[in-house]
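Using our numbering, read the sequence shown as starting at 141 and increasing by one per residue. We put the CB at the ideal spot given by N, CA and C, even for glycine. Here the structure is a predicted model, which is why all the values come from computation and not from measurement. Take a look at the structure set out below.
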Amino acid sequence: MHVSQIASAYAHPAPSDAGRWVAQWLGFDVLVDLGWYVSTAHPDEPSLRVDFVAHDHDTWSQESERVAGAMLALVVDDVDAQHERCAAGGVDVLMAPRSEPWGQRRTQLRGPAGLLVELVQAVPPDPVWLAEQGLA
């Protein structure tokens with residue numbers, strides 16, 4: 141299977157608001173805003189898409205279930221700078237930046253309609269932790 145693009149679509153009560161949030165805080169461009177459907181893409185890599193669909197629109201299959209526990213994770217160059225920018229702008233920070241032994245520095249934000257947004261930066265992993273996991 142050849143995949144030329146990946147997008148995640150989230151049900152939202154106000155897709156236009158969600159699209160504006162992703163544009164303002166995550167740097168995506170709004171490509172299409174039909175009110176009930178919004179498509180965004182990252183300007184550096186247009187094949188990276190985040191879309192929102194009205195949660196009650198008939199494009200959602202009647203057989204689909206609502207996914208709980210969804211997270212949108214984005215790898216960024218500087219987690220601390222993004223955290224500071226978002227916190228200063230009033231974004232609800234759910235987890236302050238912290239470094240993990242497996243080689244990530246991360247922060248978590250409350251996104252549109254409670255979507256968990258995680259910003260991640262690669263950092264050197266802890267060699268002791270790697271050895272304990274059998275990964276060294």
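### Task
Starting from A154, follow the alpha helix (DSSP H) in both directions and report where the run begins and ends.
Unbroken run through A154: none, as it is neither H nor E.
### First and last residue of the uninterrupted alpha helix (DSSP H) at A262
Counting along the chain, A262 falls outside any alpha helix (DSSP H), though it belongs to the beta strand (DSSP E) covering 256–262.
#### Entry: Cα-Cα separation between A262 and L256, rounded to whole angstroms
19 angstroms
### Query
Just the Cα atoms here: how many angstroms apart are E240 and Q164?
27 angstroms
### Query
Can you name the start and end residues of the beta strand (DSSP E) that H182 belongs to?
177–182
### Task
Kindly list the residues whose CB is nearer than 7 angstroms to the CB of G159, restricted to its own chain and excluding five residues on each side of it in sequence; keep chain order.
V170, D173, V178, T180, F192
### Message
Could you check whether the Cβ of A276 sits closer than 6 angstroms to any heavy atom belonging to the ligand ADP?
### Response
Within the structure as shown, the ligand ADP is missing, as the structure has no ligands at all.
### Query
To which residues of the same chain is S156 closer than 7 angstroms at the C-beta, ignoring the five residues directly before and after it?
D173, G175, V178
### Message
Let me make sure I understand the geometry here. Which of H182, P186, A236 has the alpha-carbon closest to that of V162?
### Response
H182
### Query
What residue does the beta strand (DSSP E) around D169 start on, and which one ends it?
169–173
### Query
Are the segment 242–253 and the segment 209–220 touching by the rule of at least three beta carbon pairs closer than 8 angstroms?
yes
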